[in-house]
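Under the UniProt record's numbering, the letters of the sequence shown match residues 1 to 595, in that order.
Heads up, the beta-carbon is just placed ideally off N, CA and C, and yes, glycines get one too.
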Amino acid sequence: MPHSHRSTVRPAHKRRLGWGLSVLAGVAVLLLVAWWWALPAYIDHRLSQMLTERSGRQVTIDDVTLTPWRHQVTLDGLRIAGQADTPVFASRRVVATLDWHSLFDAGWRFERVDLTSPRLQLIWRAGGEWNLARLFGGGGGGGSAPLRIDRLTVSDGRLDWINRRPDAPLTLSLKNLDLEARHYDNSDDRPFALQGQADWRGGTLKGTGEMGFSPWTLDIDLDADQVPLTALSGYLAHVVRAEPSSGALDARIRLRSGRASDAGTQVNGQGGIEGLEMHDPDTDQPVARVERLAVEGLTFASARPALTAERVSLEAPWLDVTIDERLDTNLDLWQPPQQTGAGGGSGMHVAIGTLAIERGAVAFTDRHLPRPFALDFAELNGEWRQIGAEQASAAQLTLEGQVAEGSPLRIDGTFDPLGDALNGNLNLHFEHLDLETLAPYLREFGGYAVERGQATLDLDYRLEQGRLRARNHLVLHRLELGKEVDASATDLPLKTLVGVLKSEDGTIELDIPMRLPLDDPGAVDFGSVAGQAIREALENLVSSPLETLSEVVGDGADPAADGEDRGNGTADGSDQGDEAQREGPALYERARTRQ
1 MPHSHRSTVR
11 PAHKRRLGWG
21 LSVLAGVAVL
31 LLVAWWWALP
41 AYIDHRLSQM
51 LTERSGRQVT
61 IDDVTLTPWR
71 HQVTLDGLRI
81 AGQADTPVFA
91 SRRVVATLDW
101 HSLFDAGWRF
111 ERVDLTSPRL
121 QLIWRAGGEW
131 NLARLFGGGG
141 GGGSAPLRID
151 RLTVSDGRLD
161 WINRRPDAPL
171 TLSLKNLDLE
181 ARHYDNSDDR
191 PFALQGQADW
201 RGGTLKGTGE
211 MGFSPWTLDI
221 DLDADQVPLT
231 ALSGYLAHVV
241 RAEPSSGALD
251 ARIRLRSGRA
261 SDAGTQVNGQ
271 GGIEGLEMHD
281 PDTDQPVARV
291 ERLAVEGLTF
301 ASARPALTAE
311 RVSLEAPWLD
321 VTIDERLDTN
331 LDLWQPPQQT
341 GAGGGSGMHV
351 AIGTLAIERG
361 AVAFTDRHLP
371 RPFALDFAEL
381 NGEWRQIGAE
391 QASAAQLTLE
401 GQVAEGSPLR
411 IDGTFDPLGD
421 ALNGNLNLHF
431 EHLDLETLAP
441 YLREFGGYAV
451 ERGQATLDLD
461 YRLEQGRLRA
471 RNHLVLHRLE
481 LGKEVDASAT
491 DLPLKTLVGV
501 LKSEDGTIEL
511 DIPMRLPLDD
521 PGAVDFGSVA
531 GQAIREALEN
541 LVSSPLETLS
551 EVVGDGADPA
561 ADGEDRGNGT
571 ADGSDQGDEA
581 QREGPALYER
591 ARTRQ
């Protein structure tokens, strides 16, 4: 009987134990279910709080789901608010492989984060700081929770890089961005590695290197392929006034900034532009074209602004040079625009080791004349060395080509267009230039139409502190003048003087000195300059064959008598020379008043 009683007690005890364990298991399951149900909300709250604290902006997440057997958290509709309706960061979907210890630690650690169709606005503020440096940077003194991501991938992303430091903000947009970053840790000041590629206005940009937010560090190699130059219009506007209307950029550069550079932002590399065309922003007319522009040894540093290149090669360049009605030129399109508040010496230093020109052309137009003048230069080949080098022997130019319809042209000397003051010494040589080409100038200064003739010119220009000194040697071949078109152009009997000045082979040689202040070219009376050259030529002529001028002015003197008078002079002809010096001015005035 006692044995039977013990047998009855044991099953009851086992049943109570089983029920207890079942209840505990049920409670555990309920707690687990409740915890699993509440965990997405917990992750949503904790991530939103962390991102809000670090970015200083409102953060929203549309939905959070868990995949426990994969340790994955999926965030749909993640947004970090920006200005107006545009978030500074948004991603359609974020899939993160979570280290579960992060649920109980102060910070977050993700083995992998995959972003689908994210959009990031990276803004460089006027004060020099980044808008999201606090989010991606280190904890600093604020005690922020650490964030570590072993691997981050981006697919079909978009990056808007906005620079608000200039007066007018500049934006560079990269679309279809695919990127991979490794070993990001905001508690470590070491940069993280990244590589990726994106579509840039129809071209492709690839990059690989290192980046860090706190302290700011950037060291990346960039490869641009067929990127439209118009994508850089905003930045080019700080270098030249002319704007690109076409051109495709290929470049291989290294970009360094922050802790990776000791000279501010640095750029080193090489590249080329195919099919470049620049236009005047005021008239929208083309002012330059080049089939290909190649740059070697490019270096830029922002700390002490400097842009240098070892070699720049231009294939088939074309340049428009225009003098307007006020004697202003369009060459100021190739200078930086005026900067508000900039000091006199605050500009960027620009230097080019060698500028090589192949098959170049220049279209020259002078509109300040009553009849506009146009002249084309073609087949220009040569080199310009040490431009902007700030050396005494710098900026040496050698250039050969053709003018108008095949007349040879040669230019050599020194001239630095990038120097602080206009200084240089240039010699320009033109051969057999058809005078009909120069007809507008001859009509302006000579007053007569040109029937035919050619000119050979040696133009020796000296620039000293912005003032031009010129000694121009002009040889006219077979010059024939037509009817008078402007009686007020000169007070000289030009047709008569042409006959006087011609040599036996039909040439006329003139030396024309000139001084010109380049800041006020309108102060020079070119008619007076030409007239003075003719006067000097006449005086030289009068000092030797006096009888020739006598015949021209028609004074009725007997050449034989003149010969006898000259025979009474001394054997060395000194009396003849003295007589010429005395009578030259009078004969000139007589010639001037005859027509």
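Problem set entry | Residues that residue 228 bridges to, as DSSP identifies them | Per DSSP, the beta-bridge partners of residue 228 are 248.
Exercise. What does DSSP give as the partner residues of residue 477 in its beta bridges?
Worked result: Bridge partners of residue 477: 454, 507.
For this session: Report the rounded CA-to-CA distance for residue 97 versus residue 278, giving the unit in angstroms.
Result: Distance between the alpha carbons of residue 97 and residue 278 is about 51 Å.
Problem set entry | Buried or exposed by the 16-neighbour rule on C-beta atoms within 10 Å, applied to residue 184 | With 16 or more other CB atoms across the displayed protein chains lying within 10 angstroms of its CB, residue 184 is buried.
Exercise. Exposed or buried, residue 77, counting other C-beta atoms within 10 Å across all chains shown (16 or more means buried)?
Worked result: Burial call: exposed.
Exercise. Going by DSSP, which residues form a beta bridge with residue 270?
Worked result: DSSP lists 252 as the bridge partner or partners of residue 270.
Exercise. On the three-pair Cβ rule with 8 Å, is the segment 320 to 337 touching the segment 290 to 306?
Worked result: Of all C-beta pairs linking the segment 320 to 337 to the segment 290 to 306, fewer than three are shorter than 8 Å, placing the two stretches out of contact.
Problem set entry | Helix, strand or coil at residue 22 [DSSP, three-state] | Residue 22: helix per DSSP, three-state reduction.
For this session: For residue 416, count neighbouring Cβ atoms within 10 angstroms of its own Cβ and tell me buried if that reaches 16, exposed if not.
Result: Buried: at least 16 other Cβ atoms inside 10 Å.
Exercise. Where does the unbroken alpha helix (DSSP H) through residue 120 begin, and where does it stop?
Worked result: Taken as a continuous stretch (DSSP letters only), residue 120 belongs to no alpha helix (DSSP H), being part of the beta strand (DSSP E) at 108 to 124.
Problem set entry | Contact under 7 Å by Cβ, residue 156 with residue 117 | Using a Cβ distance threshold of 7 Å, residue 156 and residue 117 count as a contacting pair.
Exercise. With burial defined as no fewer than 16 other Cβ atoms inside 10 Å of the residue's Cβ, what is the status of residue 19: buried or exposed?
Worked result: The residue is exposed, with fewer than 16 neighbouring Cβ atoms inside 10 Å.
Exercise. With C-beta atoms as the reference, is residue 428 less than 7 Å away from residue 459?
Worked result: The Cβ atoms of residue 428 and residue 459 sit closer than 7 Å to each other.
Problem set entry | Beta-carbon proximity list for residue 378, same chain, < 7 Å, skipping 5 on both sides | The answer, listed in chain order, is 361, 401, 402.
Exercise. When the Cα of residue 130 is compared with those of 247, 56, 418, which residue comes out closest?
Worked result: When only C-alpha atoms are compared, the closest one is 56.
Problem set entry | Endpoints, the alpha helix (DSSP H) within which residue 135 is located | Element bounds for residue 135: 133 to 136.
For this session: Examine the Cβ distances between the segment 196 to 205 and the segment 224 to 235 and report whether three or more of them are shorter than 8 Å.
Result: Flag = yes, the segment 196 to 205 and the segment 224 to 235 touch.
Problem set entry | Alpha-carbon spacing of residue 167 relative to residue 196, whole angstroms | A straight line joining the alpha-carbon of residue 167 with that of residue 196 spans about 31 Å.
Exercise. Between which two residues does the beta strand (DSSP E) harbouring residue 196 extend?
Worked result: From DSSP, the beta strand (DSSP E) with residue 196 extends over 192 to 200.
Exercise. According to DSSP, what are the bridge partners of residue 322?
Worked result: 365, per the DSSP bridge assignment.
For this session: Please classify residue 140: does DSSP put it in a helix, a strand, or coil?
Result: Since pLDDT at residue 140 reaches only 45, below the 50 mark, its modelled position is unreliable, and the value read off the structure follows with that caveat. DSSP, reduced to helix, strand and coil, places residue 140 outside both helices and strands of the structure shown, so it counts as coil.
Exercise. Touching or not, the segment 300 to 309 and the segment 254 to 265, by the rule of three or more beta carbon pairs under 8 Å?
Worked result: Contact between the segment 300 to 309 and the segment 254 to 265 is present, because at least three Cβ pairs lie under 8 Å.
For this session: State the DSSP-derived secondary structure class of residue 286, mapped to helix, strand or coil.
Result: It is a strand residue.
Exercise. Residues in its own chain within less than 6 Å of residue 385 by CB, not counting five upstream and five downstream?
Worked result: Answer for residue 385: 354, 396, listed in chain order.
Exercise. From which residue to which residue does the beta strand (DSSP E) around residue 173 run?
Worked result: According to the DSSP assignment, residue 173 belongs to the beta strand (DSSP E) that extends over 170 to 185.
Problem set entry | Close-in-space but distant-in-sequence residues of the same chain around residue 374 (CB under 6 Å, 5 per side omitted) | 365, listed in sequence order.
Problem set entry | 6 Å CB neighbourhood of residue 249 in its chain, flanking five on each side removed | Once the five neighbours on either side are set aside, the close Cβ partners of residue 249 are 224, 227, 229, 273.
Exercise. When the distance is taken between beta carbons, is residue 453 closer than 7 Å to residue 479?
Worked result: Yes, these two residues count as a Cβ contact at 7 Å.
For this session: Within its chain, find whatever has a CB closer than 6 Å to the CB of residue 159; leave out the 5 residues flanking it on each side and keep chain order.
Result: Exclusion of the five residues before and after residue 159 leaves 120, 174, 177 as the residues of its chain whose Cβ lies within less than 6 Å of its Cβ.
For this session: Would you kindly check if the distance between the Cβ of residue 388 and the Cβ of residue 418 is under 7 Å?
Result: Residue 418 places its beta carbon less than 7 Å from that of residue 388.
Problem set entry | Nearest residue (CA-CA) to residue 92, options 109, 64, 68, 104 | Relative to the Cα of residue 92, the nearest Cα in the group 109, 64, 68, 104 belongs to 64.
Exercise. Across which residues does DSSP place residue 257 in a beta bridge pair?
Worked result: Beta-bridge analysis with DSSP links residue 257 to 218.
For this session: Run the CB neighbour count on residue 320, radius 10 Å, all protein chains shown included, and call it buried at 16 or more, exposed below.
Result: Result: buried.
Exercise. DSSP state of residue 501, grouped into three classes?
Worked result: The answer is helix: DSSP assigns residue 501 an H, G or I state.
Exercise. Are the CB atoms of residue 449 and residue 485 nearer to each other than 7 Å?
Worked result: With contacts defined by Cβ atoms closer than 7 Å, residue 449 and residue 485 form a contacting pair.
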